[in-house]
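As given, the protein sequences belong to chains A and B, one line each in that order. For the first sequence, the numbering used here gives the first residue as 4, with consecutive numbering after it. For the second sequence, the numbering used here gives the first residue as 214, with consecutive numbering after it. One structure is given here, and the rest of the page talks about it.
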Amino acid sequence: MREKLRTITQLLRNAFGRSIGILLSILAAVMVGSIIMLIEGQNPLEIYWLLIKGALGSQRGLLISLQRATPLIFTAIASTLAFRTGVFNVGVEGQFFIGAICGAFVGYAVKLPMLIHLPLTLAAGFFGGALWAFFPTIMRQKLGVSEIITTIMTNYIATFLISYLTNYPLRHTPTTPETPPVQPTAQLAQFVELSEGTFGKGTQAHVGIFIALLVVIVMYIIFKRTRIGYEWRMVGLSFPFSEFGGINLDRTFIGGMLVSGGIAGLGGAVEILGVWREYKDLFAAGFGFRGNLAALLGGQNVIGSTIAALFYGGMEAGALGLEWSAGVPRQLIDIVVGLIIFFMAAEGMWAFVRRIKWVRGSRAVHRTTEDLEV
Amino acid sequence: MDFSWILDILQRYVFNIANLQGMLRLATPVVLAGLCALITSRAGILNIAGEGMILFGAWFGVAGSYFFRSAWMGLLAAMLSGLVVGGLFALFSLKFRAHIIIMGIAINIFANSATIFLTREVFGVAGAFSDPNIAGLPPIEIPILKDIPVLGPLLSGYTFIVYLAWILVALTYVFLYRTPWGLHLRAVGENPQAAETLGINVQRVRFGAVMASGVFASLAGVYLSLGHLQMFTEQMAAGRGFIGMAVNTFGGGEPVGVFLSSLLFGIVETIGWRLQGERIMPVYFISMLPYLATLAALTIFTLRKQQAKKAALERAAREA
Chain A
4 MREKLRTITQ LLRNAFGRSI GILLSILAAV MVGSIIMLIE GQNPLEIYWL LIKGALGSQR
64 GLLISLQRAT PLIFTAIAST LAFRTGVFNV GVEGQFFIGA ICGAFVGYAV KLPMLIHLPL
124 TLAAGFFGGA LWAFFPTIMR QKLGVSEIIT TIMTNYIATF LISYLTNYPL RHTPTTPETP
184 PVQPTAQLAQ FVELSEGTFG KGTQAHVGIF IALLVVIVMY IIFKRTRIGY EWRMVGLSFP
244 FSEFGGINLD RTFIGGMLVS GGIAGLGGAV EILGVWREYK DLFAAGFGFR GNLAALLGGQ
304 NVIGSTIAAL FYGGMEAGAL GLEWSAGVPR QLIDIVVGLI IFFMAAEGMW AFVRRIKWVR
364 GSRAVHRTTE DLEV
Chain B
214 MDFSWILDIL QRYVFNIANL QGMLRLATPV VLAGLCALIT SRAGILNIAG EGMILFGAWF
274 GVAGSYFFRS AWMGLLAAML SGLVVGGLFA LFSLKFRAHI IIMGIAINIF ANSATIFLTR
334 EVFGVAGAFS DPNIAGLPPI EIPILKDIPV LGPLLSGYTF IVYLAWILVA LTYVFLYRTP
394 WGLHLRAVGE NPQAAETLGI NVQRVRFGAV MASGVFASLA GVYLSLGHLQ MFTEQMAAGR
454 GFIGMAVNTF GGGEPVGVFL SSLLFGIVET IGWRLQGERI MPVYFISMLP YLATLAALTI
514 FTLRKQQAKK AALERAAREA
């Protein structure tokens, strides 16, 4: 009993120590953000208040937050999975786009009953994203080429490829580069449509959030309870050690990276089917990169990344409102989130936290994958 | 068999003065990005923040030039931004022990949103900012040389940064192999523990390398924003920071190698521009060329390196 109590207090202390680090980082970032706003001649308190009110202050704001968070959950989970297997998948951006265009294509070009069509479209997104992750993965595993350069290159190739597709072969109207609309059988219903206008008016929040949460739960179970999840974590911690432990490196590593790309692609398809219902050229750049940031913010674990993605989505929703009302560019949020990550990653900066007696033992404020071969 | 068509094509797309000039111009930001990657990789640091540093350099170049009506002030502002960003990157990743790749990813994304934010707030425009008040860097005509046929147009009349890039390649070589600091830097990169025991301050050397890389990257940025058209465009670095890393890899971490492989990129981009003018294929495929070329070159380079390693192992096995 006493033993159990001690482990519980220990756990609480660790969690407390870690959140102190995160809180201090957020505080520091908010301070720097305030300085920027003061220089711009804005009242920071007012701006932050508007931001929070815009994100959480009304049903509409909450739903917009949810809608903005949905794609970020996918990209954050995709980045987290890759980070955990020891890969810096900064190609989530391109994988998201390829998944979106695959989803859009299967969504409009195929005619099937909804029960088959919708899963097929989602699968197309998943496999599109996985396919886009394939080449960098193989180059990393077979040739030892850093995935950072190759995934960035494939991002650029993806955007140009999609611009070509939406401008020529898949183009629907002569005026704008976009694909034909997705069939109703492949659309993910928005809450407004489901409730016939009584719930969620003026928002595009859609049932895709449930798919996102399903992915979160599945990934959580995989990491906690299954062999493949264990193997992914081991590979991420140490290549030689996992090989010694009898893990099939190629299969585990390549599998992990492909699933990561697939989740990003699935996110792209969900965003198309739920919000846009057709592919507009370059409809919304940056979901992948923000997903990378959310994964870093969430300490590269499934639950943390999900919370970070929800937080990020909320802040984006607030910032969109802010752009309308106060004329503050919404990139301010990306700046503040970037600052939070700088401060969170800077373990040494918060070293004094560790010197306080009751947080000793929670060594790392922020988990890093220090011993990776890159 | 008649092979004259090959010569025709070569002459049309590669070996004529206009194309070679284009190659030297378009290679310049890649050379500088390559030096940025080189100086840090030789100090044993994986610096992926070059992309972000280029963006900041491009933005501050335009801002300095616009507010002081002088391209040189733009250059100065950009270099200062390179020093500051490099210094912060070094401070966080070396002193505060932030994970260097995480830091790099964060800086790149941060630079992207920060420059968009700044463009909107400071200049009040979105997307791109150009203004007649932004002074561009004037072309430099080299006396005597400029009157020599072929060589004159080929080597004279570029903006200052093109020549600066060439000089920096030479200076980096001299620095690495002919000065004690260069020796220290290489020692730190090859074996930091050993360097430490020899009394070299590893931390300080790496700090310096990262700051220098910031300056190189910011010069690449200024070239993009003030070299030809005087404007800042969102995301104008367009992956050059990463192409610089790739160029450093093929160049074997040698200044001259970096220069030569950058020329290769220059020629790929020039051919792209030529093809674009002739409307042979959709422009999107042409825009892909530098990125495809990077992937192809990385693949070929590592495959060959692997083969060489295998051959060396076999030879060793046979001798033993």
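The C-beta atom is built at its ideal place from N, Cα and C for all residues, glycine as well.
Going by DSSP in three states, residue i sits in which element: helix, strand or coil?
i               : result
I313 of chain B : helix
H209 of chain A : strand
A341 of chain B : strand
E181 of chain A : strand
D374 of chain A : Annotation note: pLDDT 34 at D374 of chain A (below 50); position unreliable, no value reported.
Q520 of chain B : helix
Q303 of chain A : coil
L323 of chain A : helix
M494 of chain B : coil
I258 of chain B : coil
Q193 of chain A : strand
K283 of chain A : strand
T253 of chain B : helix
T88 of chain A  : coil
T153 of chain A : helix
Y171 of chain A : coil
F202 of chain A : coil
M444 of chain B : strand
Q372 of chain B : The question names Gln, yet the displayed sequence has Thr at residue 372 of chain B. Note: T372 of chain B maps to strand in three-state DSSP.
P116 of chain A : coil
I347 of chain B : coil
P122 of chain A : helix
Would you grab the beta carbon distance between residue i and residue j for me? Rounded to a whole angstrom, and I think it's under 8 angstroms.
i               : j               : result
M236 of chain B : T392 of chain B : Contact flag wrong, Cβ pair sits at about 31 angstroms.
I374 of chain B : E447 of chain B : No, I374 of chain B and E447 of chain B are not in contact; Cβ-Cβ is about 22 angstroms, not under 8 angstroms.
A192 of chain A : H175 of chain A : That pair is no contact at about 23 angstroms.
I296 of chain A : V340 of chain A : Here the sequence assigns Leu to residue 296 of chain A, which means Ile is not the residue at that position. Indeed they touch by this definition, with Cβ atoms about 6 angstroms apart.
A319 of chain B : L299 of chain A : 7 angstroms
A127 of chain A : A272 of chain A : 7 angstroms
A322 of chain A : L75 of chain A  : About 13 angstroms; that fails the 8 angstroms criterion.
M266 of chain B : G427 of chain B : 5 angstroms
L335 of chain A : G57 of chain A  : At roughly 13 angstroms, the Cβ-Cβ gap does not stay under 8 angstroms, so L335 of chain A and G57 of chain A are not in contact.
V244 of chain B : A378 of chain B : 5 angstroms
G440 of chain B : T372 of chain B : 5 angstroms
I266 of chain A : F77 of chain A  : 6 angstroms
Is the beta carbon of residue j closer than 9 angstroms to that of residue i?
i               : j               : result
N321 of chain B : V423 of chain B : no
R225 of chain B : L307 of chain B : no
R71 of chain A  : G317 of chain A : yes
L488 of chain B : I480 of chain B : no
G264 of chain A : T178 of chain A : no
G110 of chain A : I275 of chain A : yes
Q443 of chain B : S326 of chain B : no
I80 of chain A  : M260 of chain A : no
R453 of chain B : L437 of chain B : yes
T73 of chain A  : I165 of chain A : no
L173 of chain A : I104 of chain A : yes
G291 of chain A : G131 of chain A : no
T157 of chain A : R143 of chain A : no
Return the CA-CA distance between residue i and residue j, expressed in angstroms with no decimal places.
i               : j               : result
T169 of chain A : V496 of chain B : 13 angstroms
G364 of chain A : L27 of chain A  : Unreliable positioning characterises G364 of chain A in this predicted model, as indicated by a pLDDT of 43, which lies under 50. The coordinate reading is nonetheless provided below. Between G364 of chain A and L27 of chain A, the C-alpha separation is close to 18 angstroms.
T371 of chain A : P468 of chain B : Caution is warranted here: a pLDDT of 38 is assigned to T371 of chain A, below 50, making its placement in the model unreliable, and the coordinate value is therefore given only provisionally. Going by the C-alpha atoms only, they are around 33 angstroms apart.
H397 of chain B : G295 of chain B : 23 angstroms
G395 of chain B : A250 of chain B : 15 angstroms
F281 of chain B : V382 of chain B : 30 angstroms
R399 of chain B : K227 of chain A : 44 angstroms
V262 of chain A : I338 of chain A : 30 angstroms
L516 of chain B : S198 of chain A : 58 angstroms
A231 of chain B : I347 of chain B : 27 angstroms
E6 of chain A   : T12 of chain A  : 10 angstroms
A450 of chain B : G434 of chain B : 7 angstroms
S3 of chain A   : G470 of chain B : Since the first residue shown for chain A is 4 and the last is 377, residue 3 of chain A is missing from the structure and cannot be characterised.
Contact set between the stretch 382-413 of chain B and chain A, restricted to residues whose Cβ is under 9 angstroms from the partner = Result list empty, no residue passes.
Residues of the stretch 500-513 of chain B with a CB closer than 9 angstroms to any CB of chain A: list them in chain order, please.
-> Along the stretch 500-513 of chain B, the positions whose C-beta sits under 9 angstroms from a C-beta of chain A are S500, M501, P503, Y504, L505, T507, L508, L511, T512, read in chain order.
Interface residues of the stretch 131-163 of chain A facing chain B [CB-CB below 7 angstroms] | Result list: M142, L146, G147, V148, I151, I152, T153, I155, M156, Y159, I160, F163.
In chain order, what residues of the stretch 446-479 of chain B put their CB closer than 7 angstroms to some CB of chain A?
-> Listed in sequence order: G452, F455, M458, A459.
Under 7 angstroms (Cβ pairs) to chain B, residues found in the stretch 82-115 of chain A = For the stretch 82-115 of chain A, which is checked against every Cβ of chain B, the residues closer than 7 angstroms are F91, V93.
What residues in the stretch 276-298 of chain A have a beta carbon less than 7 angstroms from any beta carbon of chain B?
-> Those residues of the stretch 276-298 of chain A placed with their C-beta closer than 7 angstroms to a C-beta in chain B are F292, N295, L296, ordered along the chain.
Name, going along the chain, the residues of the stretch 295-323 of chain B whose beta-carbon falls closer than 7 angstroms to a beta-carbon of chain A.
-> Cβ contacts with chain A: F305, K308, F309, R310, A311, H312, I314, I315, M316, I318, A319, I322, F323.
Return the residues of the stretch 323-334 of chain A that lie within a Cβ-Cβ distance of less than 7 angstroms from chain B, sorted by chain order.
-> Flagged, chain order: P332, Q334.
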